[in-house]
Amino acid sequence: MDGGLLEFKERETLFVEVVLPLSLSKNYMYRIPFELNEQVAVGKRVVVQFGKNKIYTALVKSISHAAPEHYQAKYIIDVVDEHPIITAQQLQLWDWMTNYYMCNEGDVMSAALPTGLKLASETIIVRKDDEPIEEVLSDKEQILITALNKQQRLTIDDISALLGQKTVYPIINSLLEKDLIYIAEEVVEKYKPLLKSFVSLSPFYQEEENLKALFDILERAPKQLNALLTYIKLYRTQNMIPKHQLLEESDCGQAAFKTLMDKGIFTVLKRPVSRLKENDDDFILNFELSEAQNTALRGIETEFEQKDVVLLHGVTASGKTQIYIKLIEKAIADGGQVLFLLPEIALTTQIVQRIQRYFGDAIGVYHSKFNNNERVEIWNKVLNGKYRVVLGARSAVFLPFKDLKLIVVDEEHESSYKQQEPSPRYQARDVAVLLGHLHQAKVVLGSATPSIESYFNALNHKYGLVVINERFGGVELPLHEVVSISEETKKKKMVSYFSGKLIDAITLVIEQKEQVILFQNRRGYATILICATCGYAPKCVNCDVSLTYHKTSGKLHCHYCGYHQSSINVCPACGSVHIEQKGFGTERVEEELSLIFPEAKIARLDVDSTRTKNGLTQIISDFQEKKTDILIGTQMVAKGLDFDNVTLIGVINADTLFNYPDFRAFERSYQLLAQVAGRAGRREKQGNVIIQAYDDSHRIIKQVIENKYVEMYNDELVERKLFNYPPFSRLIFINIKHKDQDLLNVAAQRFASTLRGALGKRVLGPEQPLVSRVRNYYIKQVIIKSDKDTSIQKVKSILRDTILQFQTEKDFRAVNIQIDVDPY
DNA sequence: AGCACGCCGACT
DNA sequence: GTCGGCGTGCTC
């Protein structure tokens with residue numbers, strides 16, 4: 001501000017810093033043309049050219065007068081929004097996440113914005129065919145509509161060529177508002193199904209000899225060849241091959257795939273894919289809280305007077321949902337908005353329908369299964385305050401709340417709140433606490449088995465603590481029984497994986513027309529195949545893991561990269577035919593069980609059985625409608641499912657849980673077992689839980705059956721203290737990756753020692769991670785374990801500097817470094 | 001993320 | 001020679 005004359009104000013030269021939806025280490029500056037000075041504002045999207053041809057919608061982060069010194073800033077092409085679509089608090093949140101999780105701001109932006117708000121130049125515009133034109137159109141709009149009437153679909157590049165100008169976004173936006181066109185990536189019309197890209201081989205190459213010739217042609221293009229081979233392999237088992245699956249499984253990049261398309265070898269076809277369906281249940285709308293619930297509700301409200309965050313520790317089926325509903329009601333009555341976070345899987349179940357029924361139109365649901373257009377719609381309805389309550393998975397923390405008053409994080413211990421891949425690797429529960437802080441909203445963390453961290457915070461008065469010890473409606477906690485597998489084996493009472501006790505119990509339950517859930521935390525059929533003669537075990541060609549045998553496909557699968565190959569009958573190492581199966585998964589349990597109970601209807605709930613669009617909902621609703629007697633599942637069955645008629649829970653083999661090489665293994669085991677057990681007898685009937693284990697006297701099993709959470713917590717805390725793990729320290733994992741193992745070893749060693757120079761014994765490693773090679777990249781891990789007294793800010797800034805310095809060395813440029821703050 | 005640039009090996 | 005494949009660096 002130089003105190004210039006007012007009339008010159010509009011001639012001010014302004015620059016903007018924008019965030020691009022790309023993983024870039026810094027933000028970029030653009031110049032605002034005078035005529036757009038007034039329209040540009042922080043939080044609006046602008047159209048910019050980035051690089052040679054690419055056009056993106058970027059987000060305005062700040063506006064300044066200072067021209068960049070070392071380069072000529074490009075002009076902004078256009079302003080997309082009339083009003084900001086991002087609030088000031090969101091920008092603060094993005095900033096915090098970028099720093100805290102040590103990622104790029106563009107990563108946060110990509111994660112935060114639904115794709116529909118990230119228009120790029122290849123976006124396809126389609127004419128809505130049945131919409132009559134009622135409004136008056138401008139000349140340019142008329143030209144565009146005429147072209148679309150002829151051609152149906154145009155890209156944004158096509159449109160700029162057609163109109164001979166780069167500024168096409170306002171025209172597109174205006175036509176979108178007039179409802180005459182839609183964006184093809186977003187499926188707008190309700191009855192129009194979701195489109196998915198499928199790949200097919202051109203008819204020419206489906207001829208045997210042409211295909212053979214093609215193999216020779218592609219010999220020098222391994223990526224392309226691999227894509228072709230993968231296509232052929234997939235074609236054997238499925239007749240429609242989704243493009244993303246082909247790209248994923250063949251490790252073929254977009255570029256190589258595009259070359260194949262350009263050569264006319266592959267063609268891509270968009271096809272409709274069916275949607276999820278919904279089902280109802282009989283939830284009582286006008287409920288009364290029980291005495292215990294009322295006490296808890298009042299407890300929470302009292303705690304809120306002092307604390308911003310309250311941990312609600314209520315045993316399974318204690319009716320936490322009703323308490324949430326009362327809290328939500330109150331927040332809405334106060335004119336605020338509410339965010340209700342749930343683990344992804346729980347969103348497909350009753351709790352959503354219940355709350356939706358209760359609050360009607362004022363509620364939005366936000367999770368990954370929704371298409372782009374629905375997500376944009378939800379985004380806008382949150383922004384303009386039409387939605388008072390949003391139920392969502394972790395990404396819902398990014399929505400543009402205006403006056404957030406309450407955040408509920410249900411099942412707060414759930415590890416799915418932590419995003420693993422891609423960056424930002426954020427913990428939505430922690431982000432929610434920060435979000436609450438930004439909005440001065442209250443936060444309730446709810447769980448029957450709180451995470452050690454949250455409970456620690458509660459005991460140390462950082463959070464308030466409210467406990468419910470009683471199940472709703474006086475339903476008793478299930479009866480537990482532990483069965484020693486070794487003893488049962490001695491007594492010859494084991495039939496395959498099932499003890500006599502479990503089989504008797506299942507028989508009884510089925511007779512009474514009730515239902516059973518069996519838990520086995522491993523998918524697939526056999527864990528591994530192993531040659532009894534020489535000990536050879538088939539391994540993945542891309543990763544350092546043994547392959548898992550899946551019987552349904554008859555193949556050996558890699559659970560890390562999706563690679564699969566046909567199974568072996570003869571050992572490729574020694575020629576022996578004695579191939580043994582070691583370990584077992586849900587698939588095997590299902591098969592064995594159907595031999596014992598041929599009459600029973602059995603279903604399986606795991607990643608494999610729910611891969612199809614409707615899979616998950618179908619399995620759950622079938623079980624709910626009692627079409628299934630026995631449900632066998634991995635940890636998916638533990639996550640917030642609520643069935644009335646389940647009276648028996650069986651844990652096939654608890655030992656597998658305890659043996660993970662992770663400091664949280666016991667905590668997780670407790671949570672998983674307690675949550676699984678909690679699925680039993682949720683209404684008037686008391687449930688039974690049978691836990692089978694070799695190590696039947698394990699303290700975790702004991703603590704689960706005696707419902708001694710606090711004892712488990714205390715035991716764990718001693719361990720954590722002893723080995724200086726969270727909550728006594730903070731962890732940062734640094735994964736270093738490269739295709740060349742030797743180079744990686746040198747690089748990792750060098751990186752660790754440089755870092756150790758600055759941070760001393762806080763730096764551990766480099767270590768070989770559990771899986772040391774994934775998708776042909778070798779991995780080494782360096783860990784920073786920083787105690788609570790050290791400033792984590794300082795540690796992070798040292799880490800940042802070390803990485804920057806490390807990457808200036810030309811030998812290590814290509815080494816990939818990933819940071820995971822607070823790993824889970 | 002995409003795109004240009006430049007190096008490298010295989011074929012006219 | 002030259003052409004396509006593929007690794008590297010840059011984009012305000």
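Mapped onto full-length UniProt numbering, the consecutive letters of the first sequence carry residue numbers 1 to 824. Beta carbons: idealized from backbone N, C-alpha and C, even for Gly. Here the structure is a predicted model, which is why all the values come from computation and not from measurement.
Review point. According to DSSP, what are the bridge partners of residue 490?
Key: Residue 490 pairs with nothing; no bridge assigned.
Check your understanding: Where does residue 397 sit, in a helix, a strand or coil, going by DSSP?
Key -> helix
Practice item. Entirely within the segment 724-780 and at least 4 residues each: give me those alpha helix (DSSP H) ranges in chain order. Key: 741-759
**Study point:** Nearest candidate by alpha-carbon position, reference residue 13, set 31, 617 and 796
**Key:** 31
Practice item. Report yes if the CB atom of residue 586 is closer than 8 Å to the CB atom of residue 523, and no otherwise. Key: yes
Practice item. Scan the segment 68-118 and note each continuous beta strand (DSSP E) run of 3 residues or more that stays entirely inside, going in chain order. Key: none
Practice item. Take every Cβ of the segment 218-229, pair it with every Cβ of the segment 257-270, and state whether three or more of those distances are shorter than 8 Å. Key: yes
Check your understanding: Taking the C-alpha atoms as reference points, what is the distance between residue 688 and residue 644?
Key -> 13 Å
Check your understanding: What residue does the beta strand (DSSP E) around residue 548 start on, and which one ends it?
Key -> 548-550
Exercise for review: Could you give the DSSP three-state label for residue 266: helix, strand or coil?
Suggested key: strand
Review point. With a Cβ-Cβ cutoff of 8 Å, do residue 26 and residue 81 count as a contact?
Key: no
Practice item. Tell me where the alpha helix (DSSP H) around residue 439 begins and ends. Key: 428-439
Check your understanding: Can you list the alpha helix (DSSP H) stretches of 4 or more residues lying completely in the segment 621-685, in chain order?
Key -> 655-658 and 665-677
Exercise for review: Can you have a look at residue 667 and say buried or exposed, based on whether 16 or more other CB atoms are within 10 angstroms of its CB?
Suggested key: buried
**Study point:** Spatial neighbours of residue 234 in its chain, beta-carbon cut-off 6 Å, leaving aside the 5 residues before and after
**Key:** 241
Review point. In chain order, what residues of the same chain have a beta carbon less than 8 Å from the beta carbon of residue 637, not counting five sequence neighbours either side?
Key: 517, 519, 605, 631, 676 and 679
Point to revise | Beta-carbon proximity of residue 603 to residue 623, cut-off 8 Å | key: yes
Review point. Taking Cβ positions, are residue 366 and residue 340 nearer each other than 8 Å?
Key: no
Exercise for review: Would you tell me roughly how many angstroms separate the C-alpha atoms of residue 296 and residue 397, rounded to the nearest one?
Suggested key: 26 Å
Point to revise | Close Cβ partners of residue 338 (< 6 Å) along its chain, the five nearest in sequence each way excluded | key: 328, 331, 389 and 406
Practice item. State the CB to CB distance for the pair residue 172 and residue 125, rounded to an integer number of angstroms; the pair is presumed to be in contact (CB under 8 Å). Key: 6 Å
Practice item. Tell whether a beta-carbon distance below 8 Å holds between residue 417 and residue 101. Key: no
Review point. Between residue 401 and residue 358, what straight-line distance do the alpha-carbon atoms span, to the nearest angstrom?
Key: 21 Å
Exercise for review: Output the residue ranges of the beta strand (DSSP E) runs that lie fully inside the segment 560-584 and measure 3 residues or longer, sorted by chain position.
Suggested key: 564-566 and 579-582
Practice item. Could you work out which residue in 410, 819, 779 and 562 is closest to residue 322 when comparing CA atoms only? Key: 410
Check your understanding: When DSSP labels each residue in this structure, what does residue 11 get in the three-state scheme?
Key -> helix
Check your understanding: What's the C-alpha gap between residue 247 and residue 428?
Key -> 29 Å
Review point. Residue range of the beta strand (DSSP E) that residue 464 falls in?
Key: 464-468
Exercise for review: Classify residue 29 as helix, strand or coil using the three-state DSSP reduction.
Suggested key: strand
Check your understanding: Span of the alpha helix (DSSP H) holding residue 330?
Key -> 320-333
**Study point:** Start and end residues, alpha helix (DSSP H) containing residue 229
**Key:** 222-237
Point to revise | Inter-residue Cα distance where the pair is residue 70 and residue 18 | key: 17 Å
Review point. With 16 as the cutoff for other CB atoms within 10 Å, does residue 191 come out buried or exposed?
Key: At residue 191 the pLDDT is 27, less than 50, meaning the model places this residue with poor confidence and gives no usable figure here.
Review point. In its own chain, which residues sit with a C-beta less than 8 Å from the C-beta of residue 97, not counting the 5 before and 5 after it?
Key: 103, 108, 424, 426 and 431
Check your understanding: Whose CA, out of 148, 206, 254 and 199, lies closest to the CA of residue 181?
Key -> 148
Point to revise | Cβ contact check for the segment 432-439 and the segment 697-711: 3 or more pairs under 8 Å | key: no
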